[in-house]
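Undergrad: Numbering (my numbering), first residue to last: 8 to 347. Cβ atoms here follow ideal geometry from the backbone N, Cα and C, with glycine treated the same way.
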Amino acid sequence: MGTPPETGASPTTALVRPPAIAKGEAIGVVAPSYSPREGHLTRGAKALERAGYTVILDPDILEHRRFQRHQDDRRAANFMGMWLDPRVKAVIGGTGGYGTTRMIPYLEPEVFRRNPKIFVGYSDITALHLWLMRQCGLRVFHGPTVDDLIPVARDPTMSSLLIAMTTPRPTARLGRNISRAVRPGKVSGALTGGNLSLVQQTIGTSYEIDTRDSILFLEEHEDPMSVADERLVHLRASGLLRNVRGVMFGHLSIDRSEEDEFEDFLLDLLSDLDIPILMDFPAGHEVPNLTLPFGTEVELTVDATTGWISYRDDALSTTEPVPLADDGAEAPQTSESVTS
8 MGTPPETGAS PTTALVRPPA IAKGEAIGVV APSYSPREGH LTRGAKALER
58 AGYTVILDPD ILEHRRFQRH QDDRRAANFM GMWLDPRVKA VIGGTGGYGT
108 TRMIPYLEPE VFRRNPKIFV GYSDITALHL WLMRQCGLRV FHGPTVDDLI
158 PVARDPTMSS LLIAMTTPRP TARLGRNISR AVRPGKVSGA LTGGNLSLVQ
208 QTIGTSYEID TRDSILFLEE HEDPMSVADE RLVHLRASGL LRNVRGVMFG
258 HLSIDRSEED EFEDFLLDLL SDLDIPILMD FPAGHEVPNL TLPFGTEVEL
308 TVDATTGWIS YRDDALSTTE PVPLADDGAE APQTSESVTS
């Protein structure tokens, strides 16, 4: 069932590594939140096919609507179907949006535990990331959704995704010369986090984020500084920042004129922790959106001006998972590539 946890590993780095994907294998595209726009979905699927992969779509990927609770169990069934489909070696979200938390009660943890696969997404998919980590013991990847895979000059989003899905331990220093230092330092820990509002929403749930001995990554979209302030204060009050080893912020919706004020707020909020803090890490709701290995040990380095992370552990396994036993369960029918 993937690579077993290492003896003495921290709670987060003990998570199971999914197998790396090889060219010619299939990537499943799911819609746990909104449906992606058809044109963006088609372009993103073609980009994956040009990279050498087969694309298999959630059969209802263009049919989801907001606030229709009767669809929650069907979305969950389609999502589990991708994990039960032996052709699918990696699963990527079609887009973000709203509604992922509503389908979580319909998910069966054993389906995912017995079929570890690469899972990539961000934004609303943060809820699934944290559920898969806490309830299923799997490592996951914070990265682009398929509707983000539109060619942009000098945008490393696609190359970062492909490297993360195929290379157990990439050697790149992610974020160097782009990120901005707030407080210098060098620490190691298990990378975790995601969208700030979704991370906050897990507080008190069975899949509350595990921040012990972690490097915490946070990004947000459309929240003004005052709202980001309130969310971070809540995380602090809940005790979730107490054992964090470092904090890195990705793309935030904070006006440039407020950046200095926000940095002062962070230094005050985290003053007693004496941990490195990094801003403007290139991941989240803007370009580029680099792929990050959640549940994997990384080193965060912040010098006087910039910062970066480096892998200190393998995020992927090079062995095949044990096939799911035939228990009579039938995976929902999947659709073939939109570009075929």
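Measure the C-alpha to C-alpha separation of R263 and N184 and round it to an integer number of angstroms.
TA: Near 19 Å, if we compare the C-alpha coordinates of N184 and R263.
Undergrad: Take the Cβ of T298 as the centre, count every other Cβ of all protein chains shown within 10 Å, and call the residue buried at 16 or more, exposed below.
TA: Buried, because 16 or more other Cβ atoms sit within 10 Å of the Cβ of T298.
Undergrad: Helix, strand or coil for L22, going by three-state DSSP, please let me know.
TA: Three-state result, L22: coil.
Undergrad: Below 8 Å on the Cβ atoms is my guess for M232 versus L307; work out the distance and round it to an integer in Å.
TA: Rounded, the Cβ-Cβ distance is 23 Å, inconsistent with contact.
Undergrad: Among S260, V153 and R187, whose alpha-carbon lies nearest the alpha-carbon of S204?
TA: Out of S260, V153 and R187, S260 has the C-alpha closest to the C-alpha of S204.
Undergrad: Using DSSP's beta-bridge definition, name the partner residues of Y105.
TA: None, per the DSSP bridge assignment.
Undergrad: Can you name, in chain order, every residue of its own chain whose Cβ lies under 6 Å from the Cβ of L223, other than the five neighbours on each side?
TA: Cβ within range, chain order: G200, V251 and V254.
Undergrad: Compare the beta carbon distance of Q69 and S40 with 8 Å and say whether it is the shorter of the two.
TA: The amino acid occupying residue 69 in the given sequence is Leu; Gln does not appear at that position. No, these two residues do not count as a Cβ contact at 8 Å.
Undergrad: Hey, quick one: how far does the alpha helix (DSSP H) through T164 stretch, first residue to last?
TA: Segment T164 to T173, the alpha helix (DSSP H) holding T164.
Undergrad: Using the Cα positions of N122 and W315, report the straight-line distance between them to the nearest angstrom.
TA: Near 32 Å, if we compare the C-alpha coordinates of W315 and N122.
Undergrad: Compute the Euclidean distance between the alpha carbons of R81 and P177, then round it to the nearest angstrom.
TA: Using only the alpha carbons, I get a separation of about 37 Å.
Undergrad: Decide if the segment 158–166 is in contact with the segment 125–140; the criterion is three or more beta carbon pairs, one per stretch, under 8 Å apart.
TA: In short, these stretches do not touch, since the Cβ pair count stays below three.
Undergrad: For G88, which three-state DSSP category applies?
TA: Helix at G88.
Undergrad: Does the beta-carbon of P295 have 16 or more other beta-carbons within 10 angstroms, so that it is buried, or is it exposed?
TA: Flag for P295 reads buried.
Undergrad: Ordered along the chain, which non-local residues of its own chain (more than five positions away) have a Cβ less than 7 Å from that of T108?
TA: Answer for T108: A134 and Q208, listed in chain order.
Undergrad: How would you call A290, buried or exposed, if buried means at least 16 neighbouring beta carbons within 10 angstroms?
TA: Per the 10 Å Cβ criterion, buried.
Undergrad: Considering only residues of the same chain and omitting the five flanking positions on each side of L323, which have a CB-CB separation below 7 Å?
TA: Taken in chain order, the residues that qualify are R24, P25, P26, A27 and P175.
Undergrad: Do you know how far the Cα of V98 is from the Cα of M172?
TA: For M172 and V98, the distance between alpha carbons rounds to 10 Å.
Undergrad: So, using beta-carbon positions, are V95 and K124 closer together than 8 Å?
TA: Against a cut-off of 8 Å, the Cβ pair of K124 and V95 comes out as a contact.
Undergrad: Would you list the one or two residues that DSSP bridges to E226?
TA: The partner list for E226 (beta bridge, DSSP) reads N202.
Undergrad: For my contact list, M87 and E115 are in at a C-beta cut-off of 8 Å; report their separation, rounded to the angstrom.
TA: The pair is a contact, with the Cβ atoms about 6 Å apart (cut-off 8 Å).
Undergrad: Just to confirm the assignment, what range does the alpha helix (DSSP H) spanning K53 have?
TA: From DSSP, the alpha helix (DSSP H) with K53 extends over E45 to R57.
Undergrad: Please classify L139 as buried or exposed, where buried requires at least 16 neighbouring CB atoms within 10 angstroms.
TA: With 16 or more Cβ atoms within 10 Å of its Cβ, L139 is classed as buried.
Undergrad: If you reduce the DSSP assignment to three classes, tell me which class I157 lands in.
TA: In the structure shown, I157 sits in coil (DSSP, three-state: anything other than H, G, I, E or B).
Undergrad: Excluding the 5 residues preceding and the 5 following A239 in the sequence, name in chain order all residues of the same chain whose CB lies nearer than 7 Å to its CB.
TA: Going by the sequence as given, residue 239 is Leu instead of Ala. Once the five neighbours on either side are set aside, the close Cβ partners of L239 are L276.
Undergrad: Relative to the alpha-carbon of S186, which residue among F288, G103 and C143 has its alpha-carbon at the smallest distance?
TA: Selected option, being the one with the closest Cα: F288.
Undergrad: How would you write the range of the alpha helix (DSSP H) that S116 sits in, first residue to last?
TA: It should be noted that the sequence gives Pro, not Ser, for residue 116. Start and end: P116 to R120.
Undergrad: So, with DSSP's three-state summary, where would you put P300?
TA: If DSSP states are grouped into helix, strand and coil, P300 belongs with the strands.
Undergrad: Would V147 and N85 be called neighbours here (beta carbons separated by less than 8 Å)?
TA: Taking 8 Å as the Cβ cut-off, V147 and N85 do not qualify as a contacting pair.
Undergrad: Rank D79, T313 and V118 by C-alpha distance to the C-alpha of R190 and give the top, closest one.
TA: Here the closest residue by C-alpha is T313.
Undergrad: Which residue or residues does DSSP assign as beta-bridge partners of F269?
TA: Answer is none; F269 lacks a bridge partner.
Undergrad: Could you say which of V62, H149 and Q142 lies nearest to G103 if we only look at CA atoms?
TA: For the residues V62, H149 and Q142, the minimum Cα distance to G103 belongs to H149.
Undergrad: Reducing DSSP to helix, strand and coil, say where E215 ends up.
TA: Reduced to three states, the DSSP call for E215 is coil.
Undergrad: Could you compute how far the alpha carbon of Y318 sits from the alpha carbon of K53?
TA: Taking the straight line from one Cα to the other gives about 30 Å.
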